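Student:
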Amino acid sequence: MTIYTGKTEEAAIAAGLAALNSRRDQVITKVVATPRKGLFGIGRRDAMVDVVLKTVAEPASTATSSATVVEQSAPSQAQATSSAATAPAPHSAAAPAEPTVTPQERRQRREAAIEAVQDYLATIVEQLGIDATIDMETGSHRQVRLIFTTDKEGLLIGKHGRTINALQSLAQLFLNHHGAAHVDLELDVANYRERRAATLTRLAESTAREVVATGKPIYLDPMPSFERKQIHAVLAKNRYVTTYSAGKEPHRAVVIEPA
1 MTIYTGKTEE
11 AAIAAGLAAL
21 NSRRDQVITK
31 VVATPRKGLF
41 GIGRRDAMVD
51 VVLKTVAEPA
61 STATSSATVV
71 EQSAPSQAQA
81 TSSAATAPAP
91 HSAAAPAEPT
101 VTPQERRQRR
111 EAAIEAVQDY
121 LATIVEQLGI
131 DATIDMETGS
141 HRQVRLIFTT
151 DKEGLLIGKH
161 GRTINALQSL
171 AQLFLNHHGA
181 AHVDLELDVA
191 NYRERRAATL
201 TRLAESTARE
211 VVATGKPIYL
221 DPMPSFERKQ
231 IHAVLAKNRY
241 VTTYSAGKEP
251 HRAVVIEPA
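For the sequence shown, full-length UniProt numbering begins at 1 and goes up steadily by one.
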């Protein structure tokens, strides 16, 4: 999928034609997202159109055989059988080559997906009755933080972070299905992620001490995968305990047991 954007669908198609140096009849277009004006600029979205070149299969070459030469006299059955046996087989049509994705096209696809996921999240948050704005921070081309600003921070975070974590999971799935599967996305509001990381560190260390004291393993509450990774990282160098994850999503949890 090669995504081009514009204020209107025609503008997005024109951008694709210019980038591919092609005419309208030489490409296949598919509207990925229609434009949206938004409210006071919030939730605005440009049109996104997938524009790819048509691939033309090579026609099968016709076999040249003795059948193209008509003898004055009717051939015998033996001659006809011999001609059919020696006639070269027709070439099969060449399979259309897969279009090569250039680094520039990959970057455009990633940027379009990141812009689209912000509109996607803005729509969900609005439906939750939360008035919020979204700012973006990029650590690298694979790390993106979307920071919400709202007066309803507690509602957006949810009990034990369930709402913000659910939104992050939905946003990551959205990116995976829009050509940006390698982007590592994090959602944050009111420095919740930093405060949560400090809480997880304290939890890991205190639980490890309890495991060493009792000699018995302890199962922590289920957590999303990125929080489980934090627990594993905190205790990775603790030689007195070992950690692993058990259970199935969304109930997978960290287990801390004596080494």
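All C-beta atoms in this analysis are idealised placements derived from N, C-alpha and C, irrespective of residue type, glycine included. From a predicted model like this one, the values you see are computed outputs, not experimental measurements.
Under the assumption that residue 142 contacts residue 184 (Cβ atoms under 8 angstroms), give the Cβ distance between them as a whole number of angstroms.
Tutor: 6 angstroms
Student: Does DSSP put residue 55 in a helix, a strand or coil?
Tutor: coil
Student: On the premise that residue 167 lies in contact with residue 124, defined as a C-beta separation below 8 angstroms, what is that separation, rounded to the nearest angstrom?
Tutor: 7 angstroms
Student: For residue 85, which three-state DSSP category applies?
Tutor: Only weak support is given to the placement of residue 85: the predicted model assigns it a pLDDT of 44, under 50, and the value that follows is read from those uncertain coordinates. When DSSP states are grouped into helix, strand and coil, residue 85 belongs to the helix group.
Student: Is it buried or exposed, residue 178, if we count other Cβ atoms within 10 angstroms and call 16 or more buried?
Tutor: Of the residues assessed, residue 178 falls on the buried side of the cut-off, its CB having 16 or more other CB atoms within 10 angstroms.
Student: Return the CA-CA distance between residue 243 and residue 144, expressed in angstroms with no decimal places.
Tutor: 28 angstroms
Student: Closest to residue 26 by C-alpha separation, out of 13, 120, 3, would be which residue?
Tutor: 13
Student: Rounded to the nearest angstrom, how far is the Cβ of residue 250 from that of residue 222, given a contact under 8 angstroms?
Tutor: 7 angstroms
Student: For the beta strand (DSSP E) holding residue 250, just list the boundary residues, first then last.
Tutor: It is not in any beta strand (DSSP E) - residue 250 carries neither H nor E in the DSSP assignment.
Student: Classify residue 51 as buried or exposed, calling it buried when 16 or more other Cβ atoms lie within 10 Å of its own Cβ.
Tutor: buried
Student: Beta carbon of residue 157, beta carbon of residue 192: below 7 angstroms?
Tutor: yes
Student: Taking the continuous beta strand (DSSP E) assigned at residue 6, which residues delimit it?
Tutor: 3-6
Student: Nearest by alpha-carbon distance to residue 247: which of 238, 170, 220, 130 is it?
Tutor: 220
Student: Give the secondary structure of residue 114 by DSSP, where H, G and I count as helix, E and B as strand, and everything else as coil.
Tutor: helix
Student: Between residue 108 and residue 134, is the Cβ-Cβ spacing less than 7 angstroms?
Tutor: no
Student: My output table needs one value for residue 244: the three-state DSSP class, helix, strand or coil.
Tutor: Secondary structure at residue 244: strand, using DSSP grouped into helix, strand and coil.
Student: Is the beta carbon of residue 234 closer than 7 angstroms to that of residue 204?
Tutor: Contact: yes.
Student: Does chain D have any CB closer than 7 angstroms to the CB of residue 15?
Tutor: Chain labels in this structure do not include chain D; a single protein chain is all it has.
Student: Give a yes or no on whether the C-beta atoms belonging to residue 200 and residue 230 are separated by under 7 angstroms.
Tutor: yes
Student: Could you check what DSSP says for residue 215 in three-state terms: helix, strand or coil?
Tutor: coil
Student: In this structure, how does DSSP classify residue 42 when only helix, strand and coil are distinguished?
Tutor: Low confidence applies to residue 42: its pLDDT is 49, below 50, so where it sits in the model is not reliable, and the reading given next is rough at best. Reduced to three states, the DSSP call for residue 42 is strand.
Student: Could you tell me the alpha carbon to alpha carbon distance between residue 127 and residue 18, rounded to whole angstroms?
Tutor: 38 angstroms
Student: Do residue 130 and residue 150 have their CB atoms nearer than 7 angstroms?
Tutor: yes
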